[in-house]
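Following: one structure in structure tokens, then a few remarks.
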Amino acid sequence: MRFVCGEQFGAAARRRGAGCADRVGHGAQRPIALRASRPGRSRGAQGAPLLALPARPLLAPHVSAIGRDGRSAGPGRSGAPDATAADGGTVSRAARPAHANGSVARRPGLVWAGTLETRPRPRAAGPSLSILHLITRLDRGGSSDCTLLQAIAAARRGHRVTLAFGPSTAPSPLLIEAGRQPGLEIVSMPWLRREVSPLDDARAFVGLVRLLRARRFDIVHTHTSKAGALGRLAAALATRSPVVHQPHGHLFYGYHGCITTRLVILAERLLAPLAARQIVLSWRGAEEHLARRVGRPGQFTVVRSGIDLRPFRRTRDLRDASRARLGLRPDDFAVGTLCRLEPIKGVVDLLDGFLQAAVHRPRLRLLVGGDGPLKERLLSVARRAGAEKRVTITGSWVAAHDFLPALDLFALVSHNEGMGRALVESMAAGLPILATNVGGMPEVLQEGRAGLLVPPGDPRAIASAIARLMDDARLARDLGRRARVRAIVFGAGRMGHAVLRVYREVLS
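See below:
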């Protein structure tokens, strides 16, 4: 007997009369249902591969046990029965989420999946599954890396995985690792593009229908909006395989104008019934879907986006070299961010807040890792303020494990953010965090316990937070230490294991 890993809005919650629309942090209970599931049967052998690539393993997942009282076994505690063990060890519904320091959070009704430890987990029990991952593109970014890590993790556990995606101008480095992974097949779909084009979209739809009819997939896992729409429609027409959709955030505000946003919401309402399950990155993400009547409560499961934690274990040793490479002096206080330079990321707010905080702080520097349409505007604002020598924009993609060691403070001040993958990477690097109170970021930071939260679009609040952390070294150290401990629960192995459990439940 197996139990689904991750938090779920379920039928049991509705029976208890608990609403799901209250925002996190307002004291509302989070009742959930843990449903027992049995491994499903494979629906047949996969067809001939479209592309064969050399093999190379990538990840090793690690998950700790959860005690019968719902608390993580963690370091220094006895190993209670594992929630995935064959002995049927159960998890208390009344359990509360365990903080990274081992304490139990005061939020009844929520079962947290525990923390990570260093013992390896064996391959998942049950028959091998044939899984299709479908995403619009695999450019560098959080949704692409999340999808690639999920596909790699499933292949490493012996499942047959097909990863289909459209043209990518700046592919994620993980795509090379995925191509070397045994059991993972790469399929390019040239007509699957992000932009709306009736002709290309029709060609992509026909290609998906043919792929689904040629193969017998046990699970169709769609990612992001465009691939999610075409994939759900194609699966409804061509196969009886259940669909799991993962939006990786949403487009409900901050991206488009009023009319386009309403059309997006309407489309998601119509498409939601075509998915057996929707995976969201945070409680707030599920609540924001339900508040707009997209999906039903029992359809959502929260699985946090995971990262490969290994590159961030030695960031302290790389600090001097990284700062020298970016032109920082030993006594500079460096505030930095990693994101695409576009309005939704709030980079103009960050620059305005930095300039306000820098008036009486000559050692303050701003480093921006990334490129995008706002680059020239940011440089122009810095020049007009006479701060062009204190603001550095890389203008190209930089690896997080090379960039983050140079920083003293990481800031992510987006207007809309699913969870903030760069946020988790900076936490793993042990940096104090400044983030906006949007999307899943408050949950990642434990409502401010592992970082400072400010309202979106408020440069004055950003300036105040920067000044506070620069002037209070003890607070900055404490936040950085808590962030590093908190980041442990966002390992890629844990995410991959949780997603496979969702598959098993959907197939049961």
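Residue numbers (this note's numbering): 1195 to 1702.
Backbone N, C-alpha and C fix where the C-beta goes; we use that ideal spot for every residue, glycine too.
Residues of the same chain with a CB within less than 6 angstroms of the CB of Leu1332, apart from the 5 flanking positions on each side, are Ser1338, Phe1359, Ser1362, Pro1365, Ser1366 and Leu1369 in chain order. Within the DSSP bridge table, the entry for Phe1411 names no partner.
The closest CA to that of Phe1597, considering only Arg1571, Ala1616 and Pro1392, is found on Ala1616. With a cutoff of 8 angstroms on beta-carbon distance, Leu1512 and Pro1567 are scored as not near each other. Per DSSP, Thr1455 is not a residue of any beta strand (DSSP E); the alpha helix (DSSP H) it occupies stretches across Cys1452 to Leu1465. In the structure shown, the three-state DSSP call for Arg1519 is helix.
In the three-state scheme derived from DSSP, where H, G and I count as helix and E and B as strand, Arg1486 is classed as coil. Taking all protein chains shown into account, Val1400 has fewer than 16 neighbouring C-beta atoms within 10 Å of its C-beta and is therefore exposed. Secondary structure in the region 1622-1664: the alpha helix (DSSP H) runs of 4 residues or longer, each lying completely within the stretch, are 1635-1638 in chain order.
With contact defined as three or more Cβ pairs closer than 8 angstroms, the region 1632-1639 and the region 1472-1489 are in contact. At a Cβ-Cβ threshold of 8 angstroms, Met1621 and Arg1680 count as neighbours. Note that the C-beta distance between Leu1393 and Val1437 is not below 8 angstroms. Under the 10 Å beta carbon count, Arg1434 is surrounded by fewer than 16 other beta carbons and is classified as exposed. Phe1527 is bridged by DSSP to Leu1558. Cβ contact annotation for Gly1540 (same chain, cutoff 6 angstroms, sequence separation greater than five): Val1607, Ser1608 and His1609, in chain order.
Only exposed fits His1450, as fewer than 16 other CB atoms lie within 10 angstroms of its CB. In this structure, the straight-line span from the alpha carbon of Pro1653 to that of Thr1341 is close to 33 angstroms. Rounded to whole angstroms, the separation of the alpha carbons of Tyr1447 and Leu1603 is 28 angstroms. In the DSSP annotation of this structure, the continuous segment of the beta strand (DSSP E) that includes Thr1495 starts and ends at Phe1494 to Val1496. CA-to-CA, the gap between His1439 and Gln1493 works out to about 10 angstroms. With fewer than 16 neighbouring CB atoms inside 10 Å of its own CB, Ala1485 falls in the exposed class.
The beta-carbon distance between Leu1673 and Ala1644, rounded to whole angstroms, is 7 angstroms. This is short enough to meet the 8 angstroms contact definition. Leaving aside the five residues that flank Met1664 on each side, the residues in its chain whose CB is nearer than 7 angstroms to its CB run, in chain order, Phe1527, Arg1555 and Leu1558.
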